[in-house]
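What follows is one structure encoded as structure tokens, with my remarks underneath.
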Amino acid sequence: MLKIKGLHYHPATSNQPVLKKVSLQASCGKPTIIAGPSGSGKTSLVEIISGLVTPQKGTLFWGNKALNSRQRRSRCGVVFQFPERHFLGLTVGQELRLGHRRLSSDNQFNALKRVGLSRIDLRQAPERLSGGEQRRLAIAVQLLREPSVLLLDEPTAGLDWSVRNEILDLLKELSKDKILIVVTHEPELFRSSSNTSFELFEGELIPTSTLPKAKKAI
Ligand SMILES: Nc1ncnc2c1ncn2[C@@H]1O[C@H](COP(=O)(O)OP(=O)(O)OP(=O)(O)O)[C@@H](O)[C@H]1O
Ligand SMILES: [Mg+2]
Numbered sequence: 109m110l111k112i113k114g115l116h117y118h119p120a121t122s123n124q125p126v127l128k129k130v131s132l133q134a135s136c137g138k139p140t141i142i143a144g145p146s147g148s149g150k151t152s153l154v155e156i157i158s159g160l161v162t163p164q165k166g167t168l169f170w171g172n173k174a175l176n177s178r179q180r181r182s183r184c185g186v187v188f189q190f191p192e193r194h195f196l197g198l199t200v201g202q203e204l205r206l207g208h209r210r211l212s213s214d215n216q217f218n219a220l221k222r223v224g225l226s227r228i229d230l231r232q233a234p235e236r237l238s239g240g241e242q243r244r245l246a247i248a249v250q251l252l253r254e255p256s257v258l259l260l261d262e263p264t265a266g267l268d269w270s271v272r273n274e275i276l277d278l279l280k281e282l283s284k285d286k287i288l289i290v291v292t293h294e295p296e297l298f299r300s301s302s303n304t305s306f307e308l309f310e311g312e313l314i315p316t317s318t319l320p321k322a323k324k325a326i
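Residues in the sequence shown are numbered from 109 upward in steps of one, following our numbering.
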């Protein structure tokens with residue numbers, strides 16, 4: 109289980125704190141959803157959890173063990189918003205092998221299978237894939253790192269309805285044995301599967317069920 113206690117983040121160039129006293133627990137079973145309007149700190153929270161940014165205060169625990177940013181980087185996989193814009197490989201195979209020069213074909217196949225791309229042609233250029241396939245490929249790239257926690261920033265943004273549903277089903281499936289934290293503008297998409305959900309509001313993280321209706325972000 110991932111536990112976050114008392115995060116406080118105030119970047120030097122911002123005139124107010126972005127995150128205040130943020131605490132959270134996330135476990136496997138279903139994705140943990142974090143919603144909030146633009147600028148509420150969703151991406152900042154992803155960057156902190158994954159060890160890319162250091163907050164002024166707060167601790168992240170794996171079980172009872174506090175994790176430093178280096179340990180968080182190795183435990184977390186991040187799929188940033190519009191990951192397909194950052195593909196570097198000329199082919200799907202190359203994209204998977206970036207950072208894994210000795211990737212076995214078994215591991216490659218298993219990662220693709222887990223995201224529903226087992227039949228894909230590895231010689232194909234990533235930009236020739238459909239929008240949904242590109243998102244799946246970006247998730248497969250992170251799965252190769254075998255993260256304990258997978259963080260996804262707006263994983264359904266820019267996809268049409270049927271593809272969104274496919275991605276939601278995939279995330280639900282992956283969350284069965286991996287902690288998934290999803291930040292989104294579209295929390296209503298995740299509501300049907302009764303996920304644990306929170307909203308960032310004025311720098312604080314509030315369980316969605318306790319948030320007054322008028323304050324709900326979306
Ligand atoms: N390094 C930084 N320096 C100054 N301000 C920052 C920094 N990082 C984040 N911020 C500010 O913190 C706020 C939250 O930014 P963040 O990108 O986390 O929001 P978000 O909820 O992901 O927004 P969006 O939905 O538009 O992606 C913004 O006002 C942003 O300008
Ligand atoms: Mg963001």
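Virtual Cβ for every residue (Gly too), placed ideally from N, Cα, C. Just so you know, these numbers come straight off a predicted model, no measurement behind them.
Residue range of the alpha helix (DSSP H) that includes residue i
i, result
"Ala248", "Gly239 to Leu251"
"Lys150", "Lys150 to Ile157"
"Leu278", "Trp269 to Leu282"
Where the beta strand (DSSP E) containing residue i begins and where it ends
i, result
"Ala134", "Leu127 to Ala134"
"Val290", "Ile287 to Thr292"
"Phe306", "Thr304 to Phe309"
"His116", "Leu110 to Tyr117"
"Ala143", "Thr140 to Ala143"
"Pro315", "Glu312 to Pro315"
"Leu260", "Val257 to Asp261"
"Gly166", "Lys165 to Trp170"
Buried versus exposed, by CB contacts within 10 Å (16 or more), residue i
i, result
"Ala120", "exposed"
"Ile326", "Reliability of the predicted coordinates at Ile326 is poor, the pLDDT of 49 falling under 50, and the value obtained from them is presented with this limitation in mind. Ile326 is exposed by the Cβ-count criterion."
"Asp277", "exposed"
"Glu254", "exposed"
"Lys150", "buried"
"Leu282", "buried"
"Ser148", "buried"
"Gln124", "exposed"
"Thr140", "buried"
"Arg243", "buried"
"Asp285", "exposed"
C-beta atoms of residue i and residue j nearer than 8 Å
i, j, result
"Phe309", "Gly137", "no"
Closer than 7 Å: residue i CB and nearest ligand 4 heavy atom
i, result
"Gln189", "The ligand content of the structure shown is limited to ligand 1 and ligand 2, which means ligand 4 is not among them."
Residues proximal to ligand 1 by C-beta, any heavy atom closer than 5 Å: Pro119, Thr121, Ser122, Val126, Ser146, Gly147, Ser148, Gly149, Lys150, Thr151 and Ser152
Start-end ranges of the beta strand (DSSP E) lying completely within the stretch 182 to 240, minimum 3 residues: 184 to 187
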